[in-house]
Each structure stands twice: as C-alpha cells, then as structure tokens.
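Protein chains: 4
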Amino acid sequence: MDFSSDTSAPAHPAVIEAIGWANTGMAASYGGDDITARLREELARVLETDDFDFWMVASGTASNALALSVLCPPTGSILCHEEAHIERDERGAPEFFTGGGKLSLLPGPGAKIDAAALGAALANIDEAFVHETPAKVLSLTNLTESGCVYYPGEIARFAELAKAKGLAVHLDGARLANALVTCGATPAEMTWKAGVDAVCLGLTKAGAIGCELIILFGDTRAKFEELKARAKRAGHMPAKMRFMAAQAEAMLAGGLWLKLARQSNDAAGALAEGLVRIGGELVQPVEGNEVFVRLPDDIAAALRAKGAKFYPWPGGAYRFVCNWTTRASDVEALLKAL
Amino acid sequence: MDFSSDTSAPAHPAVIEAIGWANTGMAASYGGDDITARLREELARVLETDDFDFWMVASGTASNALALSVLCPPTGSILCHEEAHIERDERGAPEFFTGGGKLSLLPGPGAKIDAAALGAALANIDEAFVHETPAKVLSLTNLTESGCVYYPGEIARFAELAKAKGLAVHLDGARLANALVTCGATPAEMTWKAGVDAVCLGLTKAGAIGCELIILFGDTRAKFEELKARAKRAGHMPAKMRFMAAQAEAMLAGGLWLKLARQSNDAAGALAEGLVRIGGELVQPVEGNEVFVRLPDDIAAALRAKGAKFYPWPGGAYRFVCNWTTRASDVEALLKAL
Amino acid sequence: MDFSSDTSAPAHPAVIEAIGWANTGMAASYGGDDITARLREELARVLETDDFDFWMVASGTASNALALSVLCPPTGSILCHEEAHIERDERGAPEFFTGGGKLSLLPGPGAKIDAAALGAALANIDEAFVHETPAKVLSLTNLTESGCVYYPGEIARFAELAKAKGLAVHLDGARLANALVTCGATPAEMTWKAGVDAVCLGLTKAGAIGCELIILFGDTRAKFEELKARAKRAGHMPAKMRFMAAQAEAMLAGGLWLKLARQSNDAAGALAEGLVRIGGELVQPVEGNEVFVRLPDDIAAALRAKGAKFYPWPGGAYRFVCNWTTRASDVEALLKAL
Amino acid sequence: MDFSSDTSAPAHPAVIEAIGWANTGMAASYGGDDITARLREELARVLETDDFDFWMVASGTASNALALSVLCPPTGSILCHEEAHIERDERGAPEFFTGGGKLSLLPGPGAKIDAAALGAALANIDEAFVHETPAKVLSLTNLTESGCVYYPGEIARFAELAKAKGLAVHLDGARLANALVTCGATPAEMTWKAGVDAVCLGLTKAGAIGCELIILFGDTRAKFEELKARAKRAGHMPAKMRFMAAQAEAMLAGGLWLKLARQSNDAAGALAEGLVRIGGELVQPVEGNEVFVRLPDDIAAALRAKGAKFYPWPGGAYRFVCNWTTRASDVEALLKAL
C-alpha cells in the first residue's frame, strides 16, 4: 500500500468523466465558458454566499502564492507557522509572487500557530518604523503540515486578532476537505464566517487531476482584477479553462470532495489505531488523513516488506498519508498480516 | 463556424482517452511517473536526439517565461519582434520571471524580425557600458503573431548571428506544428539543428487540453535544475504530472500533432482562397492556420450573419483562426452560401 | 575643455561649504534632522505649495525608479519616449523597482513624445483585456535626452490626456533647472500646476555632489509612506541624511540652481553658435545645456587637438554638454582658436 | 550625551576636508576618477592583497543587499542569525535584490550563530529536493546586532563548514572597525584569510558621511561585472563617485577608521563599567562600541534627566551606542554626576 502522498493517487472517475463531457465543441477560452459559469453557481451553494470571486489554478503553490500576492505588498510580511507549506515546501513562491515580501515565522505544536506567539507578533507591528517589515497577512493552514485541524472557532479568534491590527487573513486549504470533515463544519463556517479573506480550496489531493480554487470574499473582491492580471503574468491562465472547471464541478457535486475526504480520514484513523497496536507511537494527534508516528525499526522494516510505502519525517517519525483510494479494510488487512 | 481562436477548440479524443488510461493506481508525483519516462523516449524519437531535457507546463505564457528566465539574467534583455506574443500578450510575464529583464523590440513585416534590424541591434551591444541593458537572448516565434513562418534556414541564420554575440536562442513554438507542416521540416531541423537552445513546443492549440513542453538542448541543459526550481516556485510543478505527460504522449504518438496541424492549415488555405474570391484582401501571407484579411463591411456582416465568429485585428483587418476541428469542406460550404 | 558630461563637473563651492556647516554634533538619522526640516520649508517656497512630500536620493536612476515604483503596479506599464533615460540608460531599474512593470515606448523628434502617438497609445488601453499590460503612468523628461524642452503648456496638455485615462504623470527632471531657465517658467508651473504627480528634481547635474529630490504632489502624497518603505528596502535611506539636505538647501538658496543652469545654457548657446560658424550642423535645437551637432571630420579632430572632450552620439552626431563651470567666454576662445 | 546611534554622529573633519580637496575640476564619472584609482591602491595595502574588486555605496542596506544578490540566486536562501540586520532592519532588501531569495534564520546568544544550529542547517541541505530552498550563502555580522564579536578563528571555522557545502560567505561589517580593534586582528585576517568571499566594510558609522565598501575576493571577483550592473539598476552608481572615494580614502589613511573605532570602543568600555557600578546589569558582553544593559528605572530616569539619550531594546534592556565623538572622560563625568 502506498502511503507516500495523497498527490500520488489517481483522480476520481467522476473527474475523468467530467473532462470527457466538457470536451464538446468550441468554448470561450480563459474562463468565459459555460462550465465555469455553472461552477460559480455551485460554489455559491457550497459557500452559502454570492459575495465572492474565484480563480482556478493547477497547483497548491500557485494558489497560495497568487492569493498572497494580492494580500501582501512587497514591503510587507506574512505571519505563518514555521513549518507552513508556504515556508517549507514552495521554493520561495510567496517571496517571488509578492515581489520580495517576507515570511515571519511563528512556533506552535502540531504546526498550529501558538496564540501567545501570534499575540506578541501582532503587538510588535510598528508601521511607522520604516526599517522593519510590518506584517500584513496572517496565513493559516488547515489541515496543518502536521495533519492537525484548526476548528472554525480557532480561526475566527485568530482572524479577529489579526484584523484588529489591519492584517488580511489567508487560509491554505490544500486539505480543507479533510479538516471540514473532522470538524463537522461547513465551508462557510471555516472561511468567510470565521473572517477568512482568501481561501485556497484544494481539490487535487481530494481527488481531482489538478484543480485548486482561489476564493476572495467580501471587501477582498476588490483585488480580483489584480488577481487575474497576476495569474495571467504568472502563466496561470490556461486557455482551455473549461477542463479545470469540469474537475471542480465534479468534485463539488453532491459533496463528492467531502465524501472522499471522509474515506481518507477514516483510513487514517484505522491506520493510526493499528500502528499503535503494533508498537507505534503517535507524535501528532490524527485529525485528518495523515499519521505521524514513531515506529520500532523492525516494525517499519516489516511494513516495508509487506509493500507499504511511507516517508521518514523530520524529527525521527514517519509520515503515512491516506488518500481517497485507501480503504480502511485494506489498512486493517495489512496490519493484521504483521 | 468559430474562427475566434484555436484555444477555443476542444481537445482531440485521443487526449481524453489517454487521460483515462493514465488514471490507474498510485504514481509518483512531480514527473517521477512511468508515463513521463515513456514520454521522454518518444520525445527523443521526435527530436532525433537524446541531448535534451524537458519540462511540462499548462500554458504558453508559463512556457515562454520560464524558458526565458533561465536564458536571460535580470540585468539583460531579450531581442524579439515588436508584435511578439511575449511582448504583447503575456502581461509582463517575461519581466516577472526574469526578475526585471527587458524586452528589446525589433520591427519587420509579418511579425518576422527584419534581418537588418537584428544586425544593428546585435552590433549595438556593448557589455562594458554598464548603463545600457545588453541583449542576452534572441526570441523567435514560429508561426509568428501574423501567422507567418520562419523556415529552418532563416532560424539558423538568425541563430548564428545571435550566437556570434553570445546570445542564447529561444523559439516560441505555440504553433510550431503548423510551421513544421508548412515548411516540411522536422522538429530537429527547426530547433537544435538550427541553433535553437530552448524551444517552447506547444501542444494545446494543436489539440491537447493544456500541455506545453519546454525543451532545453545541448549546453543549455546545464540550466535544467534551475528551470525546475523556477517552475516549482512559480507554481508550475503540478503534483499529478502523469496527466500532462499522457496528453503529450497522445499528441505526439503517430504524429497526431502534425496531422491535426495539417488539417487546420488546410482549412486556413481554403478559407483564405474563399475570402479572396468574395472580395477579401489578405494582409499577410497565409502560412499556417491563421488568415489575416481585410473585408468589405457587407461581407463581414454577411459572414457573421451566417454564424461565423472572428475578431478584428489591430490595423483594420480581421483574424480568422482555424483549428484541428475546422474542416476545409465546411469552410467551403460557408463561403459558397454567401 | 571637457564637454563629456555635466556629471563630470565638480560641485559648487556653496555645496561643499554647506556640508561643512552641517557637520556639527549629533543629529537624528534618516531625515529627522533640522536641516531636512528647514529644507522642507525652502521647498515649499520654491514650489509655491505646501501640498507635497519629498525624499532625497543620490542618483537620478534611483530617483526615477523609486518614483515610478509607487505610480506603476507590477502588472502595469509606463508610457515614455523610446529614447528616454529610464529606457536607455538605467539598466532596467524601472522594471526592477516596479517588480516587473513594462515600459511602452513612443516616438517623436527631439526625444519629445509625439502627441498623436500618445493619443493612440492612450486610446488603446483596455483594462478589461487581461492579456495586455495597460499603461498606468506617463513619464516625461525635461530636458529630454536630446536636450529639448517641454514647455509647461505641453506638459499640461499631455498630463490632461493621460489623466483622462487614469494615468499618473511622472516628470524626470534630471536637468529640470535647464528647462525652467529656457522656458522662463517657475517650478510650480512646470510641475503640479501642469498636472505632474511626481517630479524627480535633479540637483546633481546642476551643481550638487549627489542629490536628487523625489517630490509627490496632492493625492499622490498618499503613496509617501510606501515611497519611504521602498527607499529603505532599496538602500536609499542613508543614515546621515543631513548631508544630503545640506546640499539641496545650498543649491536652492537664492535660486543658485537656476543661476548655474543659466550659465550652462548660455555656454551651450555660445558653443552651438560657434560650432555652426565653423561648419557644424545642429541635429537638435539647442534648448538647454546640450548641443547635438554633426561636424566635419577635420573640425572634430581639430577640436580634440585643442583639448576638447566630447562623445559621439547614436546617429552620427556628437554630443557636447556644458556644465555650471563652462564659461561662454572660454567656449568662444576655444572656437576662435580654430 | 547622545547614545542613540553611531549614525547620528557627524563625520570626521578629515572626511569633510577630503571632500573639499576632491572638488577640483572635471573628473570622470562613475568611478573612472583618480581618487577612486588611488583608493584601490590604499585598499590593497589595507587588505594585504590585490586579489579583490570593490564598489562603493552610501548605505549599509544597499551594501549588504547588493553583495547578497550576486551570491544568492532567486531560488536559494541565505543562512543568517535571526536577529541579523539583514533580517530585522532592512525592510526586505535582501529579498528584493535577490529577486525573491529567502533568509533562513539561526539562533544563538549575542546574535552570534550557534555552531550546532549552523551544522544542522548545513546538513539539512538537499539540492535534489526541488520543493525546499537550499542555502547558498552564510551571512555573518561583525560586530553582531548585540555588539559582540566573532574572532577570525570563529569566522574561519564557520566559513570552512559553509564552503564544504558549497555556500558562499558574506560578512556584514557595518561595524567591522570596532570588531577589528577588539580582536586585534587585521582586515585580511578577518576577511579573505578567514574564507570570506564578500565583505561589506562599513565606514559610515566609523566616521564617514555615507560610504560603505563592497569587496569581492578571489573567485568571487568573477561576479564583479554583475555587481556593477546590479548597482546601476538599483540606483547605486552615483555619477560623482570621486566624493565617495574621497571619504573612504580619508577614513583609511593612516588607519583613521581604526583609531576612531578604538575611541568608541573605549568609551563603551568606560560606560559599561560605570553603568554596572550604578546598578546596571549587562545583558551582553561589551565587545565593541555598544552597551546592552538592564537599568533600574530610577537610574534610567536620572540618566535621561542629565541629558543622556538612549533607546529601549527588545527584551527589556537599553542600548547605548558610543561613536567616534564620544569621549571616555565625558562618559565618566556623566556617570559621576549621578
């Protein structure tokens, strides 16, 4: 079984089918097509509001970096966790897209920002002191890089603090579906109702081929034309956008993205339980589709001998990622075989 | 009939099928999959060499800007035609990706660079004069923005001049298939054999969903790791790359991309002939799948009344673009109906 | 005699003295000192308004690029003459400081923008067409790169056209004093009264060591904090700013900058007259301190033999630049000696 | 007495005089003058080598950012202390000049990088893993932001570790003179002999008006033309460079910069001793011209009442900076008066 990454999974058949259906006749390029129009209506239902604009890109890095580039000026900084994907795994994309903005790193367990550290960082901002780079954005990740969730109430509290100091709030939701399922929250509760200005809603890990939505809410919509211009100059305005819209539509229809996230979360739960049973020690709570676990060497070797794929993680543990194709029953069978 | 753009066309069924076939089981992300490996072999056959590296992106703008960013330093400039896509239609992407490099514009009919102007620009380079931005790259477009071709011999001549002054040679081949068909040239003759260091080989307009290949040849391969790093930080390293490789494989297999380009070129030929017959005046030679034509107002109106879609072009003419779905017989029927 | 450049001239003794006077005791860094405060008052008198903010930098390139960076977003372009200093002689500084903005070049004799070309460029702007880079700034240079002047009425007319399309107006005034003297205009008439939003008022060529003022007027003052932040991150916030303020104060006091500009203009007038007399042919009208002239080879050689220094200029002419130390009587003596 | 900053101090009279002497007749612009040529010879003596190139800029931020921009590509990162000036006080200049490079922060007392943390960071570099930003430069600051010194042996050890992993070594020497005096080291021992590739040798705080030298050694000289091009496009190539060279020459002549640094170090020593005597508690060892000290509130108030100026510092202490005009005897008089 392959627990290396949820991006190694195939796409859900509904996504492939939707691409086939989209492939009929001529259609306006660059988002002017019917499917994109229909997607907007679906999104309005999913988000329980019409007060939004959105753009589609093929990678999470593009999604985050573009969103941040309209929220943070080149002379500003972005508060984020020191293990955030935007800091660790995007090769400087936020710095590139913002034109040289900075990331200001905050600590906290589970890759969740520590409230006191956030408070101190916010208190420290001095716009009038030209030598230092003032924070302009708070970026949260849900699921975090350690597979933990922020509940809507936590996001709302952090957003409130940030906004009191004039910061915009960005949510990196590459695994938002997994977080929603765990929290039992609606997309609306997790985003605009909690004070999020821009969410990067990921569908690729959830089961699309490559489709991430950048969604701007409320006042931040004033930045939408700039977002499009920046998307264009970054090469993130592919001509035949109907095929991206088709993916998103297929994933959102009937809550497929949430159903698939639940499957992968369930598989992760079963996996965690089983790994603990055979001597593993969880180093993070399992709140989504990822398991971070310390394993005795012989157990790790035995799992690999049975064909399991998984990566070591900084700090001496292993990361196991379940995806929408991972079945809890297969996980149990694997573990029983040990 | 819709002559608005070849990017409004659907994808070829073989591309859709290939995506379906690619959707089986887990596969390594970021280009580590089997299809990408197979594609490399196919490309070696198509290019008649193994001395290349390649990357895939979803848009022509990304393709050009990334290629240029490894060829041109931020303190250098890129020689290109004043109507080149990279100057006119990419919203400053080359400037963004190069970190502030400049474009230096050259004139010439048919959006082809005038040889004398190129010679003068090259003669003018003075690396020692720090105040001016020295040209570091020559960028050619084939088909040009006016639908004209450079023959391999022309490219070779320009490349030789450029290289004598230390410039790298970039070829924007968003419509390379159309040019190849017209010239009766092989991809090798049009690229590395002619001195091209980096080609952006477009498959999207030719019939893919969204797939453009950046190919580095020979010594320029030394820049490949930098290219990948820049692709990553620009968000152009989508996780599930197998689906992009599948598109490319389907398009290249059996020369499908060339076959489809021939169809669209043929349709354009028929269209041009027909439009001239009914009073149109060609403003550019028709050497690919595009027709630039001045039309009497009543004729233009009558075409639109029959359902034809086409755009006005700067300078008072109209642009008609044929795509792989445009059949010469349909074009003839339309014109006969007038 | 050295006609190579007005930047090869020494500083006026009053500037040196002012630096000496400024060198007393401790003073707040970064512009918080008394001399900078006094300079603001002097500037208010010179500019006949208090509705401005200003910053000081040591080079014209820094001055232009910083000013442009608060007027033009990375997704916008700057309309300027194709021979403008910002295009030809600043090594891509505007592209660098704006984060990848473009320059859009306009033709016109005397390095003055042609009104019809400006009109066409402005008419062409289509904000809604995301693929093209819309112009956001009109940049004028006075004196132009060919030593010609814009009269305040011309600037006002161009500014009005530009503002009707939402553009900001920038004036590169590296040789503003020379232009003012020729036009008999006040600084106010040439800048804010004519619709200029930001002027780079040069004092270095006029006789300072290195001091250029960036002045923002009216609504553009809202960008002043951003300007300072950008100055800081570009290294253009030297600690001991009192010494720069002292230079500016010395140059402005009693209209010294204008007096010196008149001297250099007068010398250029005498030089032009003399060069024509001995067979030269002016290729530009002499409207400031520069003479662009075609010379018979033997005359050029004879001048050089007499110790005159001057540079060839693109197009086959020579450029002679007079500076504040060039005396008309010396010029006449030199020419008589031929 | 004003202990707010060494940048609030005046320039040394020898610097002012040198500017006066430099102000004679015409001189080639942009560093082509005689004084700059003479300065090179003086520098060769000071540095005990001829294997270097140098450039002059007016601010420390410009100096660091330019040096770093030729050492670190946009896809790389710079290892530095988490309190380094380049991280805290330069408003994102390194990110701007490198085109979006990152800073990777390391801890350590006294704002000196902890050796174990450096070792771990170096061990962590994985060039092949495209998602993470590999470190390309180690940047050290001497004096550190906490007024502590690195001895040449420490620099050599860190440089050796860094170079073993292919990193370049940058030394921010805004207060290098103070460090040299404390260590009893020569400039050569502290820089190229210790493995430093590029040093920013500061003269402004030491007593100049505004003059910082960027010096490239050995193989790094290959980057000198790029450095100049970047200086030009950043506006750091002021025309009348002779006046900057004159400052440097005056400061270096006869070791004036070191003599003045010794004075300020001595004053800081006296100050530290006195402050401890009256109840202060040093929070950093005093190894240069800065004193970081915790003071009882009544003592701080009494000092202020006597006219002393000093700033609070993050962490609850105060920073006192002595400069070349601060006399140890005055410091003692002040403290005795309490």
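If you're matching them up, the sequences are chains Z, L, G and S in order. This note's numbering applies: residue 1 is where the first sequence begins, and numbers increase by one. This note's numbering applies: residue 339 is where the second sequence begins, and numbers increase by one. This note's numbering applies: residue 677 is where the third sequence begins, and numbers increase by one. This note's numbering applies: residue 1015 is where the fourth sequence begins, and numbers increase by one. For every residue, glycine included, the Cβ atom is placed at its ideal position computed from N, Cα and C.
**Request:** On the DSSP bridge assignment, give the partners of His170 (chain Z) in chain order.
**Result:** Within the DSSP bridge table, the entry for His170 (chain Z) names Z:Ser139, Z:Ala198 as partners.
**Message:** Would the stretch 485 to 493 of chain L count as touching the stretch 610 to 629 of chain L if we require 3 or more Cβ pairs under 8 Å?
**Reply:** Yes: the two stretches touch, three or more of their Cβ pairs being nearer than 8 Å.
**Asked** Can you round the beta-carbon distance between Cys521 (chain L) and Ser477 (chain L) to whole angstroms, since I take them to be within the 8 Å contact cut?
**Response** Rounded, the Cβ-Cβ distance is 19 Å, inconsistent with contact.
**Message:** Which residue wins for smallest C-alpha separation from Asp1047 (chain S), given the options G:Ser684, G:Asp726, G:Leu715, G:Ala713?
**Reply:** G:Ser684
**Request:** Determine the contact status of Leu66 (chain Z) and His170 (chain Z), defining contact as a CB-CB distance below 8 Å.
**Result:** no
**Request:** Could you check which residue in Z:Ala270, Z:Lys112, Z:Leu43, Z:Met1 has the C-alpha nearest to that of Phe217 (chain Z)?
**Result:** Z:Leu43
**Request:** List the whole-angstrom C-beta distance separating Ala1052 (chain G) from Thr896 (chain G), where the pair is believed to meet the contact cut-off of C-beta under 8 Å.
**Result:** Because residue 1052 (chain G) is not part of the residues shown, which for chain G are 677 to 1014, the question remains open.
**Request:** Check the Cβ-Cβ distances between Glu803 (chain G) and every residue of chain L, and say whether any is below 8 Å.
**Result:** For Glu803 (chain G), the nearest beta carbon of chain L is not closer than 8 Å to its own beta carbon.
**Request:** For Glu17 (chain Z), collect the residues of the same chain with a Cβ closer than 8 Å to its Cβ; drop the 5 residues on either side in sequence, then sort them by chain order.
**Result:** Ala250
**Request:** With a cut-off of 8 Å on the beta carbons, I'd call Leu1136 (chain S) and Ala1193 (chain S) a contact; round off their distance for me.
**Result:** With a Cβ gap of about 24 Å, Leu1136 (chain S) and Ala1193 (chain S) do not count as contacting.
**Inter-stretch contact (C-beta, 8 Å, three-pair minimum) for the stretch 1053 to 1073 of chain S and the stretch 1089 to 1103 of chain S** = no
**Prompt:** Do the stretch 241 to 257 of chain Z and the stretch 267 to 280 of chain Z meet, that is, are 3 or more Cβ pairs less than 8 Å apart?
**Reply:** no
**Prompt:** Which runs of the alpha helix (DSSP H), 4 residues or longer, sit entirely within the stretch 3 to 42 of chain Z?
**Reply:** Here the runs fully enclosed are 13 to 22.
**Request:** Determine the closest residue to Lys674 (chain L) out of L:Val353, L:Arg615, L:Met528, L:Lys450, with distance taken between C-alpha atoms.
**Result:** Nearest of L:Val353, L:Arg615, L:Met528, L:Lys450 to Lys674 (chain L), Cα basis: L:Arg615.
**Prompt:** Nearest to Gly279 (chain Z) by CA position, among Z:Val293, Z:His236, Z:Ile113, Z:Val15, is which residue?
**Reply:** Z:Val293
**Prompt:** Would you say Lys908 (chain G) faces chain Z, with C-beta separation under 8 Å as the test?
**Reply:** So yes, Lys908 (chain G) belongs to the interface.
**Prompt:** Out of curiosity, what's the CA-to-CA distance linking Arg429 (chain L) and Glu836 (chain G)?
**Reply:** Cα-Cα distance, rounded: 26 Å.
**Message:** Less than 8 Å between CB atoms is the rule here; does Ala898 (chain G) satisfy it with respect to chain Z?
**Reply:** So no, Ala898 (chain G) is outside the interface.
**Request:** Show which residues of chain Z have a CB atom less than 9 Å away from the CB atom of His574 (chain L).
**Result:** Ala58, Ser59, Thr61, Ala62, Ala234, Gly235, His236
**Prompt:** Between which two residues does the alpha helix (DSSP H) harbouring Ala1351 (chain S) extend?
**Reply:** 1342 to 1351
**Item:** Gly1090 (chain S) beta carbon less than 8 Å from that of Pro1148 (chain S)
**Value:** yes
**Request:** Flag this pair as yes or no: are the beta carbons of Arg1074 (chain S) and Cys1225 (chain S) separated by less than 8 Å?
**Result:** According to the sequence as given, residue 1074 (chain S) is Gly; it is not Arg. Going by C-beta atoms, Gly1074 (chain S) is not nearer than 8 Å to Cys1225 (chain S).
**Message:** Within a Cβ cutoff of 6 Å, which residues of the same chain sit near Gly438 (chain L), ignoring the five residues on either side of it in sequence?
**Reply:** Pro412
**Request:** Note down the Cα distance separating Ala864 (chain G) from Gly784 (chain G), rounded to an integer number of angstroms.
**Result:** 26 Å
**Request:** My understanding is that Ala924 (chain G) touches Leu889 (chain G), with C-beta atoms under 8 Å, so please give their C-beta distance in whole angstroms.
**Result:** 6 Å
**Message:** To test your reading of the DSSP string, which unbroken beta strand (DSSP E) runs of 3 or more residues are found completely within the stretch 873 to 938 of chain G?
**Reply:** Fully enclosed beta strand (DSSP E) runs of 3 or longer: 874 to 878, 888 to 893.
**Reference Asn941 (chain G), options G:Leu852, G:Ser739, G:Glu957, closest by Cα** = G:Leu852
**Asked** On the premise that Phe434 (chain L) lies in contact with Ala234 (chain Z), defined as a C-beta separation below 8 Å, what is that separation, rounded to the nearest angstrom?
**Response** 7 Å
**Message:** Bridge partners for Leu337 (chain L) per DSSP, in chain order?
**Reply:** As displayed, chain L neither begins before 339 nor continues past 676, which places residue 337 (chain L) out of reach and without an answer.
**Request:** State the DSSP-derived secondary structure class of Val46 (chain Z), mapped to helix, strand or coil.
**Result:** Three-state DSSP puts Val46 (chain Z) in a helix.
**Prompt:** Mind checking whether Leu105 (chain Z) and Glu87 (chain Z) have CB atoms under 8 Å apart?
**Reply:** yes
**Asked** Nearest to Val137 (chain Z) by CA position, among Z:Val196, Z:Asp89, Z:Met190, is which residue?
**Response** Among Z:Val196, Z:Asp89, Z:Met190, the Cα nearest to that of Val137 (chain Z) is on Z:Val196.
**Message:** Output needed for Thr725 (chain G): all residues of its chain with C-beta closer than 7 Å, excluding positions within five of it in sequence on either side, in chain order.
**Reply:** Ala864, Trp868
**Message:** Taking beta-carbon pairs under 8 Å, can you tell me which members of the stretch 745 to 767 of chain G lie near chain S?
**Reply:** Glu766, Arg767
**Request:** Please compile the residues from chain L whose C-beta is within a distance smaller than 7 Å of the C-beta of Asn23 (chain Z).
**Result:** Pro348, Ala349, Ile354
**Asked** Using 8 Å as the limit for Cβ to Cβ distance, is Thr345 (chain L) near chain G?
**Response** no
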